[in-house]
Every structure is written in structure tokens, then in C-alpha cells.
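Numbering (this note's numbering), first residue to last: 7 to 234.
This report refers to the structure that appears directly beneath it.
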Amino acid sequence: MSSLVVPPALLRWVAGIDVAAAAGSPAVDVPDHAITLVLRSDQRELIVMGPRTRAGYHVGAPGRSCVRVRMRPGRAQALLGRPLRDLADRALPFRELPGLDRDQFAADPIAALEEALADRPEPPERLEEAARLLVGATVATTAARLHISERRLHTLFTDGTGLSPKHFARIDRVRTVLAADAGRWSDIAATAGYYDQSHMTAEFRHFMGVPPAAFTAGRRPAATPCTA
7 MSSLVVPPAL
17 LRWVAGIDVA
27 AAAGSPAVDV
37 PDHAITLVLR
47 SDQRELIVMG
57 PRTRAGYHVG
67 APGRSCVRVR
77 MRPGRAQALL
87 GRPLRDLADR
97 ALPFRELPGL
107 DRDQFAADPI
117 AALEEALADR
127 PEPPERLEEA
137 ARLLVGATVA
147 TTAARLHISE
157 RRLHTLFTDG
167 TGLSPKHFAR
177 IDRVRTVLAA
187 DAGRWSDIAA
197 TAGYYDQSHM
207 TAEFRHFMGV
217 PPAAFTAGRR
227 PAATPCTA
């Protein structure tokens, strides 16, 4: 997998762009609270991937490749022109997206996105602000800091990300553990915002299928053939 540099014009919309190629070896799709645009180069098929609430272990057929664009919280809703509350753990094919040329996206995803988003007003930043606050606070505290009700915060997240704020925060904590450098598990748990190491272990097992120590050591669930 190779990452592309996200140009300044897209930084408020896009969290990352990469090109991935299947190598015929086991791969892990980690839980993700983001909406991802995927273009499969072999079929020129554009897919919108909803938030992934559990890890997937698979083996892809060698030679397949795709371009993946990971959107920032709330930005995909503006691009798709619809709420995202029904997209969790789903992959929806799109023949076209408003203003996004599929062939141009396949040839040059950065240029295609810049053109598609050039004249669009940026969505409000409240959802991104809420996502940042949730890293170190409860749902109730986050709502209070934003001066909105917990119900309004829940609607903001389900429409803008496809997840409840609590589920969004749980996935964010697991991703923090996955990105952590080597160290004591108790320290990693504290940094990620868990109550203690046992809390982290239980949450990690829920999302990844195995405890963090087993995952790090390579003792992971068996990979299955990727048919998507």
C-alpha cells in the first residue's frame, strides 16, 4: 500500500488517500469510523464503504488494486448528499456521485476530487469538533461543551458518520491502541482513554477478535478469501 499526499485544497475534506494492491497474503481491515470511497481498478467500480465496526481478516487475489479515499468526519455526508445513518458495515456501489467523474477519479483521484469539491461550501465543523472532544470526554460532557443536547449530538453523529457518538469513540480508542508504539499495555491503555488495562483488553478483543498481546504477536483469526 502506498499513500498519496493530500493537497491543501482537500485537507478539510479528506483524511488520507492511498493505493492498495492485493499481494495474495493475509491482510487486516481494522475497524474504522470513517467513510471511504473505493475505486476498484480492475472493474472501474466506485464503492462507498461505510464505517467498519469489526476487524476483517482476508486474503485478496493477487493483482487486484484499488484507490481508497478516507473522508473526514461529516464530509462524506456533504459529498453524497444524504445522511449516513444506514451505512455502517455496508458497501454501496455508486454508478456516479454528484460532480465526481468516475473515469477521471480512476486516472487521477486527487484532481477529480479537487474538481468535484472546488465549488462546494464546506460543511459545519461541529462534528469534527465533537469527534475531537470525545477522545477525552464522555458523550454527556461533549454535548455540554458544545452546548447541545445528548439527543442532538447522537443525531449529529448518526447522520454524519453512520455511528453513534459512543460507538465512534470506542472505535477511535481501538485505533489508538493499534497505532501505539511498543510499550507497557497499562500505559497504552491510559493514553488511549481506557479506564484500565482490562477495559482495553476487553474492548480490543470485541473489535479485533483477539486480545492486543495476541494480535501484536501475530496470533490472529484465520484469514478468509476476499470475494468483494
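Each residue gets a CB set at the ideal place from its N, CA and C atoms; glycine is no exception.
With fewer than 16 other Cβ atoms inside 10 Å of its own Cβ, A113 counts as exposed.
Take the alpha-carbon of R96 and the one of V54: they are about 8 Å apart. When secondary structure is reduced to three states using DSSP, V44 falls in the strand class. For P231, DSSP records a beta bridge to V65. If you compare the alpha carbons of E209, S192 and F213 with that of Q203, the shortest gap goes to S192. DSSP places I154 outside both helix and strand once states are collapsed to three, so it counts as coil.
Contact annotation, E134 with P13: C-beta distance approximately 19 Å; criterion of less than 8 Å not satisfied. In this structure, V20 sits near R78, with a CB-CB distance shorter than 8 Å. Contact between V73 and T42 is absent: CB atoms are separated by about 10 Å, not below the 8 Å threshold. A straight line joining the alpha-carbon of A33 with that of R46 spans about 17 Å.
In the DSSP assignment, R81 falls outside any beta strand (DSSP E) and lies within the alpha helix (DSSP H) extending over R81 to L86. Checking the DSSP bridge columns, you'll see D35 partnered with G62. In the structure shown, L162 falls within a helical segment according to DSSP collapsed to helix, strand and coil. Looking at the DSSP output, P99 bridges to I53.
Rounded to whole angstroms, the Cβ separation of V65 and A229 is 5 Å, and the two are in contact under 8 Å.
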